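J.: FYI, in the working numbering the residues of the sequence shown are 3 to 327.
The C-beta atom is built at its ideal place from N, Cα and C for all residues, glycine as well.
All values reported here derive from a predicted model rather than from experimental measurement.
The structure's right below; bear with me while I get my questions together.
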Amino acid sequence: MIVVRTPLRLSFFGGGTDFAGYYRRQGGTVVSTAIDKYVFVIVKERFDEKIYVNYSQKEIVDRVDDLKHELVREAMRVTGVERGIEITTLADVPSAGTGLGSSSSVTVGVLQALYTFQGRIVEYDTLARQACEIEIERCGKPIGKQDQYIAAFGGMRLFRFLPDDSVQTVPLALSLPLSQRLNRNLLLFYTNSTRSAGSVLAEQQNNIPARLAFLNEMRAIAERGRACLYQGELDEFGRLLHESWELKKGLASGVSNEALDALYTTARQAGALGGKIAGAGGGGFLLLYCPLDKQDAVREALRHLRELPFAFERDGSKVIFNVQR
């Protein structure tokens, strides 16, 4: 049996500039972090030759081509595992519509588990590139590339997506006290709604030619955000979250709505300096930057929402259990 643990993520700045339609013209920049909420992938050899896949549904099939779970199906095709296997996925949060990058964490985790099943060790960059291939090219999802890379590499990082499709990975090596201060100033609340990211992202992708100015500024904010972290200017980091969120709402009509805008305004009035809806927007989790002396007021203002405490995660996707016959 093999167990792989792959982190979920929070994207701070630059989301949208990791779409091929943008970065192949301008080059994209994203700042994001892995968090201590995970997708677990369990792989076990079967005595029979069938394929068992367990998630919110259970599939038992004879051929890879018959699988409905497209991410598992394509990962099996990429790795060459064809039969006699059981694959189970588990997640710490709802597996869809939360904005924490769970689909990409599933893809990266399944790839790593299948390679480990074959006795193969692959680099993080390979896991990320192949996860992008599966989600974007094979499955045709209208998404960018940041989720796959942060799931594979972990930590807090700046990614530069270059026009030639290469990716520069820059670890943000903050001191432990600074990292802890930033972590303490970030709050995460579940908005009690999920959304299908596909429609929001498809519109965002189609709007890229008309939104280049927005995206250029969001890319620049990502670089400014990194500078704030290195300089220890955390409150300015929070204000940049607000500035970036205001721009992001202009990328597509479904990024926010009246209910989400009301939640965000309430949090700001209570003392949050900035924030955003995680992921594509439209629902899921609300991330807020809030100084410690304002957090009780913000929690009281959002008391009808469930808070999700979290910590930054240094590690990327990793095998945490491996016992094979």
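(1) For the pair the segment 270-279 and the segment 246-258, tell me if three or more CB-CB distances fall below 8 Å.
(2) Along the chain, where does the beta strand (DSSP E) that runs through PRO179 open and close?
(3) Could you check where the alpha helix (DSSP H) with ILE223 kicks off and where it finishes?
(4) Determine contact between the segment 131-143 and the segment 4-16, defined as no fewer than three beta-carbon pairs at a distance below 8 Å.
(5) Would you report the Cα separation of GLN59 and GLY18, rounded to the nearest angstrom?
(6) If you compare alpha carbons, which of LEU69, LEU203, LEU231 is closest to ILE145?
(7) Tell me the DSSP secondary structure of MET3 in three-state form.
(8) Could you check where the alpha helix (DSSP H) with GLU302 kicks off and where it finishes?
(9) Quick one, which of ALA272, ASP295, ARG79 has its alpha-carbon nearest LEU116's?
(10) Beta carbon of LEU184, beta carbon of LEU176: below 9 Å?
(11) Excluding the 5 residues flanking ARG26 on each side, which residues of the same chain have their C-beta closer than 7 Å to its C-beta?
(12) With distances taken Cα to Cα, identify the nearest neighbour of PHE287 among LEU307, ALA22, LEU275, GLU125.
(13) When you compare each of GLY284, ARG301, GLY285 to CYS292 by their alpha carbons, which one comes out closest?
(14) Which complete beta strand (DSSP E) runs does the segment 86-156 hold, if anything under 3 residues is left out?
(15) From PHE314 to ASP38, what does the alpha carbon distance come to, in whole angstroms?
(16) Assuming TYR291 is part of the beta strand (DSSP E), what are its boundary residues?
(17) Since I believe GLN170 is in contact with ARG162 (beta carbons under 8 Å), could you give me their beta-carbon distance rounded to a whole number of angstroms?
(18) Using CA atoms only, rank isn't needed, just tell me which of SER246, ARG7, ARG65, GLU47 is closest to SER106.
(19) Give me the residue from GLU235, ASN259, ALA264, LEU275 with the minimum Cα distance to LEU243.
(20) Is GLY157 closer than 9 Å to ASP317 when the C-beta atoms are compared?
(21) Can the beta-carbon of VAL32 be found closer than 9 Å to that of GLN148?
(22) Measuring alpha carbon to alpha carbon, tell me which residue in SER258, PRO173, ILE89 is nearest GLN114.
(23) So that I know if they touch, is there some Cβ in chain B lying closer than 9 Å to that of LEU262?
(24) So if DSSP puts PHE163 in a beta bridge, which residue, or which two residues, is it bridged to?
(25) For GLY240, name the three-state secondary structure that DSSP assigns.
(26) Any idea if ALA229 is buried or exposed, counting beta-carbon neighbours within 10 angstroms, 16 or more meaning buried?
(27) In this structure, does DSSP put LYS70 in helix, strand or coil?
T.: Here's the rundown:
(1) yes
(2) Element bounds for PRO179: not the beta strand (DSSP E) but the alpha helix (DSSP H), 178-186.
(3) 214-233
(4) no
(5) 31 Å
(6) LEU203
(7) coil
(8) Taken as a continuous stretch (DSSP letters only), the alpha helix (DSSP H) holding GLU302 covers 297-303.
(9) ARG79
(10) yes
(11) PRO165
(12) Ranking LEU307, ALA22, LEU275, GLU125 by Cα distance to PHE287 puts LEU307 first.
(13) ARG301
(14) 87-93
(15) 6 Å
(16) 287-291
(17) 4 Å
(18) Considering only alpha carbons, the answer is ARG7.
(19) LEU275
(20) Going by C-beta atoms, ASP317 is nearer than 9 Å to GLY157.
(21) yes
(22) ILE89
(23) As a matter of chain content, chain B is missing from the structure shown, which is built from one protein chain.
(24) When DSSP reads this structure, PHE163 sits in a beta bridge with GLY30, VAL169.
(25) Residue state for GLY240 is assigned as helix, using DSSP reduced to three classes.
(26) exposed
(27) coil
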